[in-house]
Amino acid sequence: MTVVDIRSIFNERNIEIFHTDKSYIYYSEEKTSSGKSELFLLEYDRNTRRERLITNYTLEDPTFVEHIFAFENTIILILENGKNSLWLIELSKEDGTELNRRKVVCTGAFRSCLALDSSHVLIYMGPDESNQEMFAQYRSITGCECLCYLYNLTTNAKHFIKNPMIAKLNTAGIRLMTTHDCRYAILLDPFADEEIKKGYYEEQRWINVDIRDNIWLCSLNELIAELESGSETITKKCIASADIKALARYMGMDDEKLYFRAKEFRTGQEKICSYNVFTGTLNVEADLSSSHPDDLFYIIEEQPFSVFSVQKEGRTFLVQGIVNSHASLRYQTSLGDFVTCADDRYIVTRKEQTDPQSGQTVPVCSIYDSENQMHEEYPCSCYIKGSTIILY
366 MTVVDIRSIF NERNIEIFHT DKSYIYYSEE KTSSGKSELF LLEYDRNTRR ERLITNYTLE
426 DPTFVEHIFA FENTIILILE NGKNSLWLIE LSKEDGTELN RRKVVCTGAF RSCLALDSSH
486 VLIYMGPDES NQEMFAQYRS ITGCECLCYL YNLTTNAKHF IKNPMIAKLN TAGIRLMTTH
546 DCRYAILLDP FADEEIKKGY YEEQRWINVD IRDNIWLCSL NELIAELESG SETITKKCIA
606 SADIKALARY MGMDDEKLYF RAKEFRTGQE KICSYNVFTG TLNVEADLSS SHPDDLFYII
666 EEQPFSVFSV QKEGRTFLVQ GIVNSHASLR YQTSLGDFVT CADDRYIVTR KEQTDPQSGQ
726 TVPVCSIYDS ENQMHEEYPC SCYIKGSTII LY
């Protein structure tokens, strides 16, 4: 486990970390000065322990919300206020130079966005007051709540997405993955929430439509090319599917595998399965069907994927690794709620605590070393990526 303590840099500052790698931490900070909002993009060098300003902006509109995506050499900054236009800005990581700046106007009101790579951004727009009727007609024809656009930063071209699945999924239903230098898009296409689908199963004798969960895998390069061409179909591979009798839900990924939960409603049998994107191998990683105490619950790390069971026993919590962990550890409940376990040895917890001087409630993180049964408390927030814990 690696602990990066940068509280001295972030002391009493409102920052949001948006990217980390082995050498740098990237984050944004907002300040208000003379009634105007200032947005700063900054870089922290983990080797020299120095902070560097990449760039800053004065936000003339205080309602602007920023969406930030980091890539190898660039940062994409999107500023929007929930209306029909947004600012799309491409920045150099090295010196903050603006490589591209465009005001993008779409139909409807902004809902969400996702940078597929350093050159392509998906933009989702929902109904606004002036387009209610048009969106209602679009929904009746396609079943989609949002219009979707693909913006190409290289050509500065905006493409309307004709594929109904991409338009329906929204950004919450798309995950990106790189393995063995190949880039993929994972499309999460569940029928409905688990309880709703179970209700359909219980009333299935009255239902004559195909009710199904699907998880699809696409080559990201192929997907982008097909969307730009205006194709209504996309090349995809189904890696998990469940009809009205069962459930399939994405859980996470690591360097090679996608993980999903599969459940059969009739028997209650529930398993965590994996699909190896590189080899095409499907495996059962864990069986969750065996009986457990009522106070047992699961904590899931999406990337890199791991699952822990946590059970309260008196004044301790018992933590056991279920997938990608062999941990079997205990810690005192006074340390707070379980967050994660690193290297099958270090437990990270979080709790809220009242500052006796200010009277304000502040977060407190603890790192418990199960090997020497010692812990350290830190009155701060923490950001966790794999076995790296950033205190700020």
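Numbering (the working numbering), first residue to last: 366 to 757.
Where a beta carbon is used, it is the ideal one built from N, C-alpha and C, also for glycine.
message = Taking the straight line between their C-alpha atoms, what separation do you get for residue 683 and residue 742?
response = Against the sequence shown, residue 683 aligns to sequence position 318. Against the sequence shown, residue 742 aligns to sequence position 377. Taking the straight line joining both Cα atoms gives about 20 angstroms.
ask   = By the 10 Å Cβ neighbour count, where 16 or more other Cβ atoms means buried, how is residue 425 classified, buried or exposed?
value = In the sequence shown, the residue the question calls residue 425 occupies position 60. So residue 425 counts as exposed.
message = Buried or exposed, going by whether 16 or more other CB atoms sit within 10 Å of the CB of residue 727?
response = Taking the first residue of the sequence shown as position 1, residue 727 is located at position 362. With fewer than 16 other Cβ atoms within 10 Å, it is exposed.
message = Tell me the rounded alpha-carbon separation between residue 734 and residue 711.
response = To locate residue 734, count along the sequence shown from 1; it is residue 369. To locate residue 711, count along the sequence shown from 1; it is residue 346. If I take the Cα positions, the gap works out to 5 angstroms.
task = Spell out the partners DSSP gives residue 671 in its beta bridges.
result = Taking the first residue of the sequence shown as 1, we reach residue 671 at position 306. Looking at the DSSP assignment, residue 671 forms a beta bridge with 666.
inquiry  = Please classify residue 387 as buried or exposed, where buried requires at least 16 other C-beta atoms within 10 Å of its C-beta.
reply    = As a position in the sequence shown, residue 387 is number 22, starting the count at 1. Residue 387 is exposed by the Cβ-count criterion.
ask   = Taking C-alpha atoms, which residue in 490, 409, 516, 376 lies nearest to residue 745?
value = Counting from 1 along the sequence shown, the entry for residue 745 is found at position 380. The candidate whose alpha carbon is nearest that of residue 745 is 376.
query = Leaving out the 5 sequence neighbours to the left and right, which residues in its chain are closer than 8 angstroms to residue 369 when beta-carbon positions are compared?
reply = If you number the sequence shown from 1, residue 369 lands on position 4. Contacts found: 390, 411, 753, 754, 755, 756.
message = Quick check on residue 673: buried or exposed, where buried means 16 or more other Cβ atoms within 10 Å of its Cβ?
response = The count along the sequence shown starts at 1 and reaches residue 673 at position 308. Buried.
query = Mapping DSSP to helix, strand and coil, what is residue 692?
reply = On the sequence shown, position 327 is the one that residue 692 refers to. In the structure shown, residue 692 sits in coil (DSSP, three-state: anything other than H, G, I, E or B).
message = Spatial neighbours of residue 600 within its chain, please: C-beta separation below 8 angstroms, excluding the five flanking residues on both sides.
response = Along the sequence shown, one-based indexing puts residue 600 at 235. Same-chain partners within the cutoff: 583, 584, 587, 588, 591.
query = In or out: residue 540 buried (at least 16 other Cβ within 10 Å) or exposed?
reply = Here the question's residue 540 lines up with position 175 in the sequence shown. Under this definition residue 540 is a buried residue.
inquiry  = Just to confirm my understanding: we take residue 420, look at its own chain, exclude 5 residues before and 5 after, and list those with CB closer than 7 angstroms. What are they?
reply    = Numbered from 1 along the sequence shown, position 55 holds the residue referred to as residue 420. Only 406, 456, 461 meet the Cβ criterion.
For residue 521 and residue 467, believed in contact at Cβ under 8 angstroms, the rounded distance = For the purposes of this step, residue 467 is taken as the residue at position 102 of the sequence shown. For the purposes of this step, residue 521 is taken as the residue at position 156 of the sequence shown. The Cβ separation is near 6 angstroms, so the contact holds.
ask   = Per DSSP, what kind of secondary structure is residue 313 in: helix, strand or coil?
value = The requested residue 313 does not occur in the structure, where the chain is confined to residues 366 to 757.
task = Provide the residue(s) that pair with residue 583 in DSSP beta bridges, ordered along the chain.
result = Translated into positions along the sequence shown, residue 583 becomes position 218. Beta-bridge pairing links residue 583 to 550.
query = Are the stretch 431-443 and the stretch 476-488 in contact at 8 angstroms, needing three or more beta carbon pairs?
reply = yes
inquiry  = So, at 7 angstroms on beta carbons, what are the nonlocal neighbours of residue 700 in its own chain, with the 5 sequence-adjacent residues on each side left out?
reply    = For the purposes of this step, residue 700 is taken as the residue at position 335 of the sequence shown. Closer than 7 angstroms at the Cβ level, and outside the excluded window around residue 700, lie 714, 731, 733, 740.
ask   = With 16 as the cutoff for other CB atoms within 10 Å, does residue 809 come out buried or exposed?
value = The shown model of the chain, from 366 to 757, leaves out residue 809, and the question about it has no answer.
message = In this structure, how does DSSP classify residue 387 when only helix, strand and coil are distinguished?
response = As a working note, residue 387 is residue 22 in the sequence shown. In the structure shown, residue 387 sits in coil (DSSP, three-state: anything other than H, G, I, E or B).
Residue 639: first and last residue of the uninterrupted beta strand (DSSP E) it sits in = Looking up residue 639 in the sequence shown gives position 274. Where residue 639 is concerned, the enclosing beta strand (DSSP E) stretches over 635-641.
key: Proximity below 8 angstroms, CB of residue 630 to CB of residue 675   = Residue mapping note: residue 630 aligns to position 265 of the sequence shown, counting from 1. Residue mapping note: residue 675 aligns to position 310 of the sequence shown, counting from 1. Not closer than 8 angstroms, so no.
Range covered by the alpha helix (DSSP H) that runs through residue 564 = Walking along the sequence shown from the start, residue 564 turns up at place 199. Taken as a continuous stretch (DSSP letters only), the alpha helix (DSSP H) holding residue 564 covers 559-567.
Local conformation of residue 529 per DSSP, three classes = The count along the sequence shown starts at 1 and reaches residue 529 at position 164. DSSP places residue 529 in helix when its eight states are reduced to three.
inquiry  = Tell me which residue opens and which closes the beta strand (DSSP E) that residue 543 is part of.
reply    = The residue labelled residue 543 in the question sits at position 178 within the sequence shown. 539-544 is the span of the beta strand (DSSP E), which, as asked, contains residue 543.
query = Using a Cβ-Cβ cut-off of 6 angstroms (strictly less than) and excluding sequence neighbours within five positions of residue 428, which residues of its own chain qualify?
reply = As a first step, residue 428 must be located in the sequence shown, where it is residue number 63. These residues qualify, in order along the chain: 446.
ask   = DSSP three-state call for residue 424: helix, strand or coil?
value = On the sequence shown, position 59 is the one that residue 424 refers to. Note: residue 424 maps to strand in three-state DSSP.
Start-end ranges of the beta strand (DSSP E) lying completely within the stretch 429-514, minimum 3 residues = 430-435, 439-445, 450-457, 463-470, 474-480, 485-491
ask   = Hey, out of 611, 384, 517, 723, whose CA is closest to residue 353's CA?
value = There is simply no residue 353 to check, as the chain begins at 366 and stops at 757 in what is shown.
inquiry  = Rounded to the nearest angstrom, what separates residue 383 and residue 506 at their Cα positions?
reply    = Against the sequence shown, residue 383 aligns to sequence position 18. Against the sequence shown, residue 506 aligns to sequence position 141. Approximately 38 angstroms, taken between the alpha carbons.
inquiry  = Whether or not the stretch 558-566 and the stretch 513-520 are in contact is what I'm after, with contact meaning three or more pairs of Cβ atoms, one per stretch, closer than 8 angstroms; do they touch?
reply    = no
Assumed close pair residue 681, residue 696 - CB separation to whole angstroms, cut-off 8 angstroms = In the sequence shown, counting from the first residue as 1, residue 681 sits at position 316. In the sequence shown, counting from the first residue as 1, residue 696 sits at position 331. At roughly 7 angstroms, the Cβ-Cβ gap stays under 8 angstroms, so residue 681 and residue 696 are in contact.
key: Segment contact, 8 angstroms Cβ cut-off, at least three pairs: the stretch 615-625 with the stretch 636-649   = yes
query = Below 8 angstroms between beta carbons: does that hold for residue 423 and residue 396?
reply = Position 58 of the sequence shown, counting from 1, holds the residue named residue 423. Position 31 of the sequence shown, counting from 1, holds the residue named residue 396. Not closer than 8 angstroms, so no.
Residue range of the unbroken alpha helix (DSSP H) whose run includes residue 372 = Taking the first residue of the sequence shown as position 1, residue 372 is located at position 7. Here the alpha helix (DSSP H) through residue 372 covers 372-375.
Opening and closing residue of the beta strand (DSSP E) in which residue 703 lies = On the sequence shown, position 338 is the one that residue 703 refers to. Counting along the chain, the beta strand (DSSP E) containing residue 703 begins and ends at 702-707.
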